[in-house]
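Residue numbers (my numbering), protein chains in the order written: chain Y, 1 to 367; chain E, 368 to 765. In this text, a Cβ means the ideal position worked out from N, Cα and C, and glycines have one as well. Each remark here refers to the structure printed beneath this line.
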Amino acid sequence: MLNGKISSVQLAVIMFQFVLSSTVLLMPSITTRLSEKDMWLTPLLGMGLGFLVVWLAYKLFKLSPEGSIVRLMESLFGTFLGKIVSILFILFQFHIVAISTRDYAEFIESNFFLETPIVVIIGTMLILCGWAVRRGFEVIARTGQIFVPIITLFTVLILILLIPELNPLHLLPFMERGAGPLLQGSLVVDGWFSQLLLAVYIFPLVRDQDNIRKWGFWCVIGITFVMLASNLAVFMLVGESAGYYTYPVLMAARYIAYAEFFEHLEAIVMMVWVLGEYIKISVYYYVITRGISDTFRLKKPEVIVMPVGLLLLFVCFWVGPDFQTVSSFIANTGTSYILIGFVLFPLLLCILAVIRGWFKGLGTSTK
Amino acid sequence: MRHLIRVIAAIATVTLLTGCWDRIEVNDIAIILGAGIDQEKNNRVKLSVEIFLPSPGGNEAGDGQEQMDSQNKNGNILVSSATGTSMADAMSNLQERLSRRLYWGHNNVYVFGKERAERGFNDDLDFFLRYVRARERTNIYVTQGRAIEVMGVIPRLDQNLMEALTELSKTEVSIDVDLKKVMEQIVETPEQTYTVPYILTSAVMSEKKHLRNANVPYFKGLTIFKKGQMIGSLNNELTHGYFWITNQIKPSTILTATVAKEETIAVHLTMSKSKLRPKIDGSGKWTMDLLIECEGNLIQNASQLDYSKPEQIMQMEVLFEQMIKDKVDKSLNMIQQKYKSDIVGYSKLFRRKYPKQWAIAKSSWSETFQKIETNTEVNIQIRRPGALVKQINNIPME
């Protein structure tokens with residue numbers, strides 16, 4: 001049930017939204033705090049890592065036996081140790097998705113559904129995602145195909161409606177305190193880009209594998225463009241005070257007012273966020289389920305979907321006691337944490353695999 | 368079994384997807400149109416709100432002591448107030464008196480009493496931005512007396528006070544300052560300097576025998592804030608000068624210049640542009656070049672100057688240029704020497720062009736700002752004479 005084929009375009013669309021869903025709301029505030037007036041440049045710097053991660057994921061996929069990264073770990077570290085490494089990697093993904101889900105729920109909770117218990121918000125979302133995962137990745141890909149244009153359209157609409165309020169002079173002076181703060185901010189953006197690595201679990205499902213790299217790079221460019229646009233819009237609107245708002249994009253949507261009746265557009269932001277988070281959580285959920293079933297060679301992977309969801313529900317509460325703990329984790333230690341997991345660790349795997357292949361090659365050629 | 372699951376799923380969808388958990392019925396909420404904040408004794412704060420009552424005559428019951436019913440024909444406005452140690456406290460006390468839930472989503476105006484403004488209203492802004500999440504477009508005003516007196520005003524020209532104030536903000540005598548702008552200034556200026564429109568209450572106006580217009584709010588200029596506190600105000604004339612500096616003069620402003628004794632000419636502006644250029648010269652002297660360019664049409668000529676003669680047009684233009692220059696200098700003098708607060712945004716301009724020098728001067732910006740010299744250059748062009756070519760004054764009498 002966890003199979004079903006998709007095209008590389010579908011994959012690109014899904015990964016595009018997968019990275020963007022939580023970014024647009026959270027990133028402007030965090031990057032302003034770190035990079036001040038140069039925050040708009042951070043996605044452009046982060047883009048480099050995006051390309052690296054897409055390349056890395058593709059390379060790992062090509063190196064993996066049967067196209068499964070779990071098999072690659074098993075063949076590198078031995079069956080038993082490989083399974084442990086794989087489980088550790090899955091636990092890491094579990095942690096990240098729990099933070100992400102919690103973030104989503106906190107946003108809904110603190111801005112719209114003030115009295116609804118948070119468990120209902122997380123629970124309903126997980127039931128929906130669980131259902132999609134059970135039906136296979138094709139379902140997620142197709143819902144993505146429907147949702148992503150809507151999400152992108154509304155995001156762009158909000159940004160366009162903001163144009164009359166924007167003041168480009170907010171962006172000056174350029175590089176006031178040198179390149180240091182800029183690099184710091186772009187590292188946070190890297191944290192989001194690095195999650196693209198998860199595509200390695202989905203590559204085996206792609207029908208036209210020759211186009212993966214091409215669409216992967218377009219996907220990174222698309223992500224950068226939307227990040228850049230939202231960062232620019234927010235900063236030109238409120239200047240450095242962007243760092244003081246929890247969700248500057250929500251604030252920006254609330255600021256839109258035309259002709260005294262076309263106003264209160266914040267509900268659009270909520271809709272965009274819910275649809276986007278659905279894709280993000282579904283992808284993670286799918287990847288985790290697939291990882292587990294690959295590790296233990298399950299014959300019927302769909303039986304573990306709901307248990308994984310239940311576990312995820314609990315982990316969402318374990319990741320932090322309150323909003324600020326979760327949010328400061330994302331802005332501080334979270335960056336290096338996620339980069340180690342999604343960039344350094346796979347890079348290590350890749351290097352090991354290449355070296356081993358090299359030695360093997362030596363062995364065969366001498367024979 | 369399968370059917371049972373489907374039925375349960377269907378019921379769950381119906382109940383959960385409606386979002387009814389947080390539903391609030393329209394007739395359960397009290398829509399706030401405007402809020403007034405006053406300083407009370409013992410550092411307490413008084414919150415007064417103007418509530419829109421959807422049904423006419425449906426007055427809320429409460430303890431009448433603090434409530435004033437508008438007693439107006441379209442009496443669908445209720446003003447209610449309560450005090451507390453902080454804004455949040457005052458709001459919860461106010462809520463206790465109302466049978467409906469206070470709803471802030473449509474609030475468009477905050478009016479602060481002068482006393483509260485002088486004490487500083489950063490605490491209140493924190494509440495508005497954090498809890499109420501009023502739209503950042505909500506306008507802020509300071510009133511000369513107490514805010515609750517303004518709240519009671521039912522203007523005759525507009526439906527309610529909120530509308531009257533926002534409409535007034537669009538006229539050429541004033542500007543609108545909203546939460547977003549104040550927040551921006553607080554974050555970006557070295558000493559938290561900003562301005563907020565200053566309005567008069569009807570009571571003050573009626574003392575001046577303006578009784579016929581008693582129920583209309585008036586603008587009285589701008590209040591100046593520094594380090595979170597109101598430190599003074601500019602009257603209408605000085606405000607005008609301030610607008611010239613900051614490029615906030617709106618077209619349709621009418622300028623009058625005195626030619627000679629009892630002789631004036633008036634111009635209706637069609638375009639105006641002010642440009643500030645910061646400069647730090649070799650000796651480390653900070654100066655600002657202000658270039659004002661505007662165009663206008665003649666609307667009254669009660670002087671001996673003849674518009675049909677080019678050299679006399681020049682003469683008129685020079686008069687206006689001098690007049691604008693004087694206004695600007697007077698305002699600048701007041702802002703720089705008396706209030707020592709950078710409400711004209713010089714700090715931002717210097718920061719953009721000279722970030723390094725600015726970073727050093729930032730900590731003692733008041734002193735630096737005081738010493739900045741402004742060279743004003745005004746260029747006005749009177750484009751059209753209006754419907755009369757010659758002036759009536761000049762018709763020769765036999």
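(message) I'd like to know whether the C-beta of I553 (chain E) is nearer than 9 Å to at least one C-beta of chain Y.
(response) Against the second sequence, residue 553 (chain E) aligns to sequence position 186. Chain Y, which has a Cβ nearer than 9 Å to the Cβ of I553 (chain E), makes this yes.
(message) To be precise: take each residue of the stretch 311–333 of chain Y, compare its Cβ to all Cβ atoms of chain E, and keep it if any distance is under 8 Å. Which residues remain?
(response) Answer set for the stretch 311–333 of chain Y: empty.
(message) Against L383 (chain E), what residues of chain Y qualify as contacts under a CB-to-CB distance less than 8 Å, listed in chain order?
(response) Mapped onto the second sequence, residue 383 (chain E) falls at position 16. In chain order: V120, T124.
(request) Find out if the Cβ-Cβ distance for the pair D491 (chain E), M454 (chain E) is shorter than 9 Å. (result) Counted from its first residue, the second sequence places residue 491 (chain E) at position 124. Counted from its first residue, the second sequence places residue 454 (chain E) at position 87. Taking 9 Å as the Cβ cut-off, D491 (chain E) and M454 (chain E) qualify as a contacting pair.
(message) Taking the straight line between their C-alpha atoms, what separation do you get for V139 (chain Y) and V133 (chain Y)?
(response) Here residue 139 (chain Y) refers to the residue found at position 139 of the first sequence. Here residue 133 (chain Y) refers to the residue found at position 133 of the first sequence. Cα-Cα distance, rounded: 8 Å.
(request) Please state whether DSSP places M73 (chain Y) in a helix, a strand or coil. (result) For the purposes of this step, residue 73 (chain Y) is taken as residue 73 along the first sequence, with counting starting at 1. Reduced to three states, the DSSP call for M73 (chain Y) is helix.
(message) Within 9 Å of any Cβ in chain Y, is that where the Cβ of M550 (chain E) sits?
(response) For the purposes of this step, residue 550 (chain E) is taken as the residue at position 183 of the second sequence. Closer than 9 Å: yes.
(request) May I ask you to report which of helix, strand or coil DSSP gives S541 (chain E)? (result) Your numbering for residue 541 (chain E) matches position 174 in the second sequence. Judged by DSSP in its simplified three-state form, S541 (chain E) adopts coil rather than helix or strand.
(request) Determine, using beta-carbon pairs with one atom in the stretch 180–189 of chain Y and one in the stretch 26–35 of chain Y, whether at least three such pairs fall under 8 Å. (result) Enough Cβ pairs lie closer than 8 Å, so yes.
(request) Please list the partners that K593 (chain E) has in chain Y, where partner means a Cβ-to-Cβ separation under 7 Å. (result) On the second sequence, residue 593 (chain E) is found 226 positions in, with the first residue counted as 1. By Cβ distance, chain Y contributes nothing, its closest Cβ being about 18 Å from K593 (chain E), past 7 Å.
(request) With 7 Å as the C-beta to C-beta threshold (strictly closer), list the residues of the stretch 698–728 of chain E near chain Y in chain order. (result) Correct list: R718, R719, P722.
(request) Less than 8 Å between the CB atoms is what I'm expecting for A252 (chain Y) and V234 (chain Y), so what's the real figure, rounded? (result) As a first step, residue 252 (chain Y) must be located in the first sequence, where it is residue number 252. As a first step, residue 234 (chain Y) must be located in the first sequence, where it is residue number 234. Confirmed, about 6 Å.
(request) Please check if any C-beta of chain E sits within less than 9 Å of the C-beta of R135 (chain Y). (result) As a first step, residue 135 (chain Y) is located in the first sequence; it is residue number 135 there, counting from the start. Output row for R135 (chain Y): interface = no.
(request) Can you grab the Cα-Cα spacing for the pair R207 (chain Y) / I6 (chain Y), in whole Å? (result) As a working mapping, residue 207 (chain Y) is identified with position 207 in the first sequence. As a working mapping, residue 6 (chain Y) is identified with position 6 in the first sequence. So the alpha carbons of these two residues sit roughly 6 Å apart.
(message) Which same chain residues end up closer than 6 Å to Y345 (chain E) when comparing Cβ atoms and leaving out the 5 residues on each side of it in sequence?
(response) Absent from the structure is residue 345 (chain E), since the part of chain E shown begins at 368 and ends at 765.
(request) Quick one: list the residues of chain E neighbouring M236 (chain Y), beta-carbon separation under 7 Å, in chain order. (result) The sequence position of residue 236 (chain Y) within the first sequence is 236, counting from 1. Result: empty, since nearest Cβ-Cβ is about 11 Å, beyond 7 Å.
(message) Can you tell me whether I163 (chain Y) is helix, strand or coil according to DSSP?
(response) For the purposes of this step, residue 163 (chain Y) is taken as residue 163 along the first sequence, with counting starting at 1. Look at I163 (chain Y) here: in three-state DSSP terms it is helix.
(request) Look up W471 (chain E) in the DSSP assignment and say whether it is helix, strand or coil. (result) Position 104 of the second sequence, counting from 1, holds the residue named residue 471 (chain E). Shown here, W471 (chain E) sits in coil according to DSSP, grouped into three states, outside any helix or strand.
(message) Using beta carbons (cut-off 9 Å, strictly below), is G401 (chain E) in contact with chain Y?
(response) For the purposes of this step, residue 401 (chain E) is taken as the residue at position 34 of the second sequence. So no, G401 (chain E) is outside the interface.
(message) So G239 (chain Y) contacts chain E; which residues on that side make the cut at Cβ distance below 8 Å?
(response) For the purposes of this step, residue 239 (chain Y) is taken as residue 239 along the first sequence, with counting starting at 1. Contact note: G239 (chain Y) reaches chain E through E551, V554, E555, using a C-beta cutoff of 8 Å and chain order.
(request) Can you tell me which of the three DSSP states M764 (chain E) falls into? (result) Locating residue 764 (chain E) in the second sequence gives position 397, where the first residue counts as 1. Assigned with DSSP and collapsed to three states, M764 (chain E) falls in coil, not helix or strand.
(message) Tell me which residues of the stretch 500–515 of chain E have at least one Cβ-Cβ distance to chain Y shorter than 8 Å, keeping chain order.
(response) Listed in sequence order: R500, R502, E503, R504.
(request) Would you mind telling me which residues of chain Y sit closer than 7 Å to K547 (chain E), beta carbon to beta carbon, in chain order? (result) Here the question's residue 547 (chain E) lines up with position 180 in the second sequence. Those are V238, Y255, listed as they occur along chain Y.
(request) List the residues of chain E that P65 (chain Y) touches, going by C-beta distances under 8 Å, in chain order. (result) Within the first sequence, numbered from 1, the residue matching residue 65 (chain Y) stands at position 65. Within chain E, no residue comes near P65 (chain Y); the closest Cβ sits about 39 Å away, beyond 8 Å.
(message) Going by DSSP in three states, S675 (chain E) sits in which element: helix, strand or coil?
(response) In the second sequence, the residue the question calls residue 675 (chain E) occupies position 308. S675 (chain E): coil per DSSP, three-state reduction.
(message) Quick check on the DSSP output: what are the complete alpha helix (DSSP H) runs of length 4 or more inside the stretch 7–51 of chain Y, in order along the chain?
(response) If we require 4 residues or more, the alpha helix (DSSP H) runs fully inside the stretch 7–51 of chain Y come out as 8–35.
(message) So, with DSSP's three-state summary, where would you put G431 (chain E)?
(response) One-based indexing of the second sequence puts residue 431 (chain E) at position 64. Low confidence applies to G431 (chain E): its pLDDT is 40, below 50, so where it sits in the model is not reliable enough to give any reading.
(request) List the residues of chain E whose Cβ lies closer than 7 Å to the Cβ of M251 (chain Y), in chain order. (result) By one-based count along the first sequence, residue 251 (chain Y) stands at place 251. In chain order: E503.
(request) Using a threshold of 9 Å, state whether the C-beta atoms of I647 (chain E) and Q703 (chain E) are closer than that. (result) Within the second sequence, the letter at position 280 stands for residue 647 (chain E). Within the second sequence, the letter at position 336 stands for residue 703 (chain E). Taking 9 Å as the Cβ cut-off, I647 (chain E) and Q703 (chain E) do not qualify as a contacting pair.
(request) Report the neighbours of L49 (chain Y) on chain E: residues whose CB is nearer than 8 Å to its CB, in chain order. (result) Walking along the first sequence from the start, residue 49 (chain Y) turns up at place 49. Going along chain E, no residue has its Cβ under 8 Å from L49 (chain Y), so there is no contact; the nearest lies around 29 Å.
(message) Using 8 Å as the cut-off, can you tell me whether the stretch 455–462 of chain E makes contact with the stretch 406–420 of chain E, which would need three or more C-beta pairs spanning the two stretches below that distance?
(response) They touch, by the three-pair rule.
(request) Spell out the partners DSSP gives Y258 (chain Y) in its beta bridges. (result) Here residue 258 (chain Y) refers to the residue found at position 258 of the first sequence. Y:F262, per the DSSP bridge assignment.
(request) List the whole-angstrom C-beta distance separating A12 (chain Y) from W273 (chain Y), where the pair is believed to meet the contact cut-off of C-beta under 8 Å. (result) The sequence position of residue 12 (chain Y) within the first sequence is 12, counting from 1. The sequence position of residue 273 (chain Y) within the first sequence is 273, counting from 1. Actually they do not touch by this definition, with Cβ atoms about 21 Å apart.
(request) Starting from L344 (chain Y), follow its DSSP beta bridges and name the residues at the other end. (result) On the first sequence, residue 344 (chain Y) is found 344 positions in, with the first residue counted as 1. In the DSSP assignment, L344 (chain Y) is bridged to no other residue.
(request) May I ask you to list the residues that DSSP assigns as paired with K792 (chain E)? (result) Residue 792 (chain E) lies beyond the range of chain E shown here (368 to 765); nothing can be said about it.
(request) List the residues of chain C that E277 (chain Y) touches, going by C-beta distances under 9 Å, in chain order. (result) The chain labelled as chain C is not found among the protein chains of the depicted structure, namely Y and E.
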